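S.K.: Can you keep this structure in mind? I'll have questions shortly.
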């Protein structure tokens with residue numbers, strides 16, 4: 013069964029007060045994500061990939077179409093605080109900028125304590141909760157000694173992003189939306205973040221949706237690539253198909269103009 | 184044998200702070216030949232930008248040249264520019280013999296000054312008739328794929344890719360033989376990146392610039408145009424080899440790690456998988472003893488902690504500073 017089904021999703025933004033203008037950020041987008049599947053949504057800035065992600069995260073309301081998560085329409089079938097809280101537990105987001113995801117006035121582990129509060133089965137006392145936090149940090153390759161009690165400016169970008177993933181080990185979400193999770197960190201730590209997400213998938217069967225403009229990353233991690241352009245899906249399929257034999261004009265140009273390691277670009 | 188255009192001998196450039204020095208370039212020797220493109224790569228904070236400042240003697244305190252020489256070939260003679268003051272080098276050689284496109288230069292343009300004003304400034308500081316240089320700038324703009332009328336525009340009217348090309352055109356107006364470009368493509372999208380690479384290679388083919396030093400952290404980009412690649416780690420050269428040879432078989436464990444963390448849409452990459460260089464980049468105030476990479480190196484031996492490996496040439500066209508290849512030679 014598909015974990016997430018998106019059908020004819022459309023988002024129209026209106027601008028202006030007296031004379032309204034409309035922008036269709038997302039146009040009739042349909043796709044589905046299965047259990048333990050990694051899907052990447054690729055496209056340039058303004059292609060509607062982040063708007064799609066925000067609708068799936070239930071942050072903005074779609075103009076048309078529906079989003080089914082575990083068989084339930086997230087905009088119609090979730091009723092009351094309890095349903096919403098469960099949805100928040102099950103769907104987790106990792107954002108582009110680890111620097112903006114933390115409140116600079118609080119120690120970094122605050123985000124983990126907040127995750128504990130979201131849990132259905134809360135730990136019985138504080139020391140048990142602390143043990144859980146420590147374990148989740150070990151899982152992402154951080155020694156709790158290095159970060160507990162520290163403030164965001166005292167730790168590196170890679171560590172911040174790892175702590176966001178540590179949250180996933182606490183909450184055990186079914187679905188993760190990762191919006192450019194590696195764009196702000198050095199290439200040498202990028203691999204580590206990707207490996208952590210892959211481990212999470214192996215251990216818990218999590219489905220992951222990557223939002224990225226990095227086709228190299230998408231090609232490497234995904235089971236399925238969705239290429240978006242001007243709010244529409246222009247191509248989707250297995251990475252080998254989309255990247256090695258692109259059909260649509262836009263995906264062809266995209267693949268051709270990316271510098272490769274083992275091939276030279278033409279026309280230089 | 185090609186002529187040497189620039190020679191750096193055992194150069195050390197530190198940021199001198201009150202209590203400590205940041206050893207950003209620490210004992211680096213290399214030469215740049217005429218008619219070649221050299222790529223300089225490394226992690227953030229490995230000393231790449233400091234190296235570019237060293238090359239054209241842009242020493243602004245606290246950056247200080249501790250020792251070593253920088254020799255630049257000017258009119259068939261080698262000038263020791265490291266013995267001159269920054270002002271002197273600037274007056275004599277900047278723009279005319281050596282030029283730099285600094286990191287994010289395209290965003291440093293003054294929004295209230297027309298592009299042509301920069302050309303006039305350049306004319307004034309080299310005592311050239313401004314109208315003459317403007318005419319030349321118009322031609323050069325066409326060569327980099329910009330209409331001449333953009334010269335009369337304000338920087339914010341140009342898109343990012345156009346601005347970067349305009350910067351390249353103005354920086355190379357006086358036909359400098361050596362062009363140093365610091366991360367010129369990192370703020371551009373892939374399509375504009377390719378256009379900029381084309382512009383740079385075109386300038387070289389026309390003989391407007393002879394050699395290019397291209398500083399970047401993006402190996403896949405530099406791979407497209409470089410003849411040789413210099414890998415920096417913690418202020419020292421880890422490896423300096425012919426591009427194709429390095430791609431075939433990188434020698435230094437750090438270079439191997441860098442190559443294996445590259446993700447490009449190619450079947451080889453999916454087959455190879457992705458590896459991670461463990462640990463964090465070295466501290467440049469108190470660099471590790473011996474080989475600076477040894478705390479992160481999967482092949483570290485006892486000697487690596489004690490002695491610094493010299494840069495040797497175990498195979499032709501491949502220079503590496505690593506003890507793994509020392510026996511092979513002796």
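Chains as they are written, first to last, in the working numbering: chain A, 13 to 280; chain B, 184 to 513. Where is the CB? At the ideal position from N, CA and C, for every residue including glycine. What you are looking at is a predicted structure, and each value in this text was computed from that prediction instead of being measured.
On the three-pair Cβ rule with 8 angstroms, is the segment 202-215 of chain B touching the segment 435-455 of chain B?
M.R.: The answer is no - the segment 435-455 of chain B does not touch the segment 202-215 of chain B, with fewer than three Cβ pairs under 8 angstroms.
S.K.: Could you work out which residue in A/206, A/157, A/136 and A/182 is closest to residue 170 of chain A when comparing CA atoms only?
M.R.: Position 158 of the first chain, counted from the first residue, corresponds to residue 170 of chain A. When only C-alpha atoms are compared, the closest one is A/206.
S.K.: If you follow the beta strand (DSSP E) that residue 194 of chain B is in, where does it begin and where does it stop?
M.R.: Numbered from its first residue, the second chain carries residue 194 of chain B at position 11. Counting along the chain, the beta strand (DSSP E) containing residue 194 of chain B begins and ends at 187-199.
S.K.: Which first and last residues belong to the alpha helix (DSSP H) in which residue 287 of chain B is found?
M.R.: For this step, residue 287 of chain B is matched to residue 104 along the second chain. Looking at the DSSP string, residue 287 of chain B is not in any alpha helix (DSSP H), and its letter there is neither H nor E.
S.K.: In chain order, what residues of the same chain lie with their CB nearer than 8 angstroms to the CB of residue 407 of chain B, ignoring the 5 residues before and after it?
M.R.: The residue labelled residue 407 of chain B in the question sits at position 224 within the second chain. These residues qualify, in order along the chain: 380.
S.K.: Would the beta-carbon of residue 249 of chain B fall within 7 angstroms of that of residue 195 of chain B?
M.R.: Residue numbering aside, residue 249 of chain B sits at position 66 when the second chain is read from its first letter. Residue numbering aside, residue 195 of chain B sits at position 12 when the second chain is read from its first letter. Cβ distance < 7 angstroms, so residue 249 of chain B and residue 195 of chain B count as in contact.
S.K.: Under 7 angstroms between beta-carbons, which chain A residues line up against residue 403 of chain B? List them in chain order, please.
M.R.: Taking the second chain and counting its residues from 1, the one referred to as residue 403 of chain B is at position 220. Result: 271, 272 and 273.
S.K.: Who does residue 395 of chain B pair with in a DSSP beta bridge?
M.R.: Translated into the one-based positions of the second chain, residue 395 of chain B becomes position 212. BP columns for residue 395 of chain B point to B/220 and B/362.
S.K.: Among residues of its own chain, excluding the 5 on either side of residue 500 of chain B, which ones have a beta-carbon nearer than 7 angstroms to its beta-carbon?
M.R.: To locate residue 500 of chain B, count along the second chain from 1; it is residue 317. Counting only Cβ-Cβ distances below 7 angstroms, and skipping sequence neighbours, we find 424, 425 and 428.
S.K.: Could you work out which residue in B/348, B/396 and B/340 is closest to residue 361 of chain B when comparing CA atoms only?
M.R.: Locating residue 361 of chain B in the second chain gives position 178, counting from the first residue. Of B/348, B/396 and B/340, the residue nearest in Cα terms is B/396.
S.K.: With a cut-off of 8 angstroms on the beta carbons, I'd call residue 175 of chain A and residue 159 of chain A a contact; round off their distance for me.
M.R.: For this step, residue 175 of chain A is matched to residue 163 along the first chain. For this step, residue 159 of chain A is matched to residue 147 along the first chain. Between residue 159 of chain A and residue 175 of chain A the Cβ distance is about 7 angstroms, and since that is below 8 angstroms, they are a contact.
S.K.: Could you give the DSSP three-state label for residue 254 of chain B: helix, strand or coil?
M.R.: For the purposes of this step, residue 254 of chain B is taken as residue 71 along the second chain, with counting starting at 1. Correct three-state label for residue 254 of chain B: strand.
S.K.: Roughly how far, in whole angstroms, is the beta-carbon of residue 506 of chain B from the beta-carbon of residue 436 of chain B, given that I think they are within contact range, below 8 angstroms?
M.R.: Position 323 of the second chain, counting from 1, holds the residue named residue 506 of chain B. Position 253 of the second chain, counting from 1, holds the residue named residue 436 of chain B. Not really, about 11 angstroms apart at Cβ, beyond 8 angstroms.
S.K.: Would residue 235 of chain A pass as a contact of residue 50 of chain A if the rule is Cβ separation under 7 angstroms?
M.R.: Counting from one through the first chain, the residue named residue 235 of chain A turns up at place 223. Counting from one through the first chain, the residue named residue 50 of chain A turns up at place 38. In contact: residue 235 of chain A and residue 50 of chain A (Cβ atoms closer than 7 angstroms).
S.K.: Identify every residue that forms a DSSP beta bridge with residue 403 of chain B.
M.R.: Locating residue 403 of chain B in the second chain gives position 220, where the first residue counts as 1. Answer is none; residue 403 of chain B lacks a bridge partner.
S.K.: Since residue 226 of chain B meets chain A, which of its residues come closer than 9 angstroms, beta carbon to beta carbon?
M.R.: Residue mapping note: residue 226 of chain B aligns to position 43 of the second chain, counting from 1. The contacting residues are 198, 199 and 200.
S.K.: Count the other CB atoms, across all protein chains shown, that sit within 10 Å of the CB of residue 383 of chain B; report buried if there are 16 or more and exposed otherwise.
M.R.: Within the second chain, numbered from 1, the residue matching residue 383 of chain B stands at position 200. It is buried - the Cβ of residue 383 of chain B has at least 16 other Cβ atoms within 10 Å.
S.K.: Which class does residue 356 of chain B belong to by DSSP, given the choice of helix, strand or coil?
M.R.: Within the second chain, numbered from 1, the residue matching residue 356 of chain B stands at position 173. Of the three classes helix, strand and coil, the one that applies to residue 356 of chain B here is coil, per DSSP.
S.K.: For a test of the three-state rule: what should DSSP assign to residue 210 of chain B, helix, strand or coil?
M.R.: Here residue 210 of chain B corresponds to residue number 27 of the second chain, with the count starting at 1. Three-state result, residue 210 of chain B: strand.
S.K.: Between which residues of its own chain and residue 245 of chain A is the CB-CB distance below 6 angstroms, once the five residues before and five after are set aside?
M.R.: As a first step, residue 245 of chain A is located in the first chain; it is residue number 233 there, counting from the start. Answer for residue 245 of chain A: 41 and 238, listed in chain order.
S.K.: At a CB-CB cut-off below 8 angstroms, which residues of chain B make contact with residue 56 of chain A?
M.R.: Position 44 of the first chain, counted from the start, is the residue given in the question as residue 56 of chain A. Neighbours of residue 56 of chain A on chain B, chain order: 372.
S.K.: Between the segment 344-357 of chain B and the segment 298-312 of chain B, do three or more beta carbon pairs fall short of 8 angstroms?
M.R.: Because the criterion of three Cβ pairs below 8 angstroms is met, the segment 344-357 of chain B and the segment 298-312 of chain B touch.
S.K.: Thinking just about the alpha-carbon of each residue, which of B/367, B/307 and B/403 is nearest to the one in residue 357 of chain B?
M.R.: For this step, residue 357 of chain B is matched to residue 174 along the second chain. Of the candidates B/367, B/307 and B/403, the one whose C-alpha sits nearest the C-alpha of residue 357 of chain B is B/307.
S.K.: Could you have a look at residue 252 of chain A and say whether DSSP puts it in helix, strand or coil?
M.R.: Here the question's residue 252 of chain A lines up with position 240 in the first chain. Residue state, collapsed to three classes: helix.
S.K.: Assuming residue 77 of chain A is part of the beta strand (DSSP E), what are its boundary residues?
M.R.: Here residue 77 of chain A corresponds to residue number 65 of the first chain, with the count starting at 1. Its beta strand (DSSP E) spans residues 76-81.
S.K.: Are there 16 or more other CB atoms within 10 angstroms of the CB of residue 224 of chain A, so buried, or fewer, so exposed?
M.R.: As a first step, residue 224 of chain A must be located in the first chain, where it is residue number 212. It counts as buried.
S.K.: Identify which residue in B/198, B/222 and B/489 has its Cα closest to the Cα of residue 247 of chain B.
M.R.: Within the second chain, residue 247 of chain B is the residue found at index 64, counting from 1. When only C-alpha atoms are compared, the closest one is B/198.
S.K.: So residue 415 of chain B contacts chain A; which residues on that side make the cut at Cβ distance below 7 angstroms?
M.R.: Counted from its first residue, the second chain places residue 415 of chain B at position 232. What residue 415 of chain B touches in chain A: nothing, since even the nearest Cβ is about 13 angstroms away.
S.K.: Residue 487 of chain B: beta carbon under 6 angstroms from a heavy atom of the ligand ATP?
M.R.: Ligands in the displayed structure: none, and consequently the ligand ATP is not present.
S.K.: Any Cβ of chain A within less than 7 angstroms of the Cβ of residue 384 of chain B?
M.R.: In the second chain, residue 384 of chain B corresponds to position 201, counting from 1. For residue 384 of chain B, the answer is yes, since a Cβ of chain A falls inside 7 angstroms of its Cβ.
S.K.: Measuring only the C-alpha atoms, how far is residue 178 of chain A from residue 434 of chain B?
M.R.: The count along the first chain starts at 1 and reaches residue 178 of chain A at position 166. The count along the second chain starts at 1 and reaches residue 434 of chain B at position 251. If you take the alpha carbons of residue 178 of chain A and residue 434 of chain B, they lie about 36 angstroms apart.
S.K.: Just the C-alpha distance for residue 265 of chain A and residue 420 of chain B, rounded to the nearest angstrom, thanks.
M.R.: As a first step, residue 265 of chain A must be located in the first chain, where it is residue number 253. As a first step, residue 420 of chain B must be located in the second chain, where it is residue number 237. Answer to the nearest angstrom: the Cα atoms are 37 angstroms apart.
S.K.: Please look up how many angstroms separate the CB atoms of residue 415 of chain B and residue 231 of chain B, rounded, as I've assumed it's under 8 angstroms.
M.R.: Position 232 of the second chain, counted from the start, is the residue given in the question as residue 415 of chain B. Position 48 of the second chain, counted from the start, is the residue given in the question as residue 231 of chain B. The Cβ separation is near 6 angstroms, so the contact holds.
S.K.: Determine the closest residue to residue 78 of chain A out of A/48, A/23 and A/263, with distance taken between C-alpha atoms.
M.R.: On the first chain, residue 78 of chain A is found 66 positions in, with the first residue counted as 1. The shortest C-alpha separation from residue 78 of chain A is found at A/23.
S.K.: Closer than 9 angstroms between beta carbons: that is the criterion. Which residues of the segment 451-481 of chain B meet it against chain A?
M.R.: Here the close residues are 451, 452, 453, 456, 457, 458, 459, 460, 461, 463 and 464.
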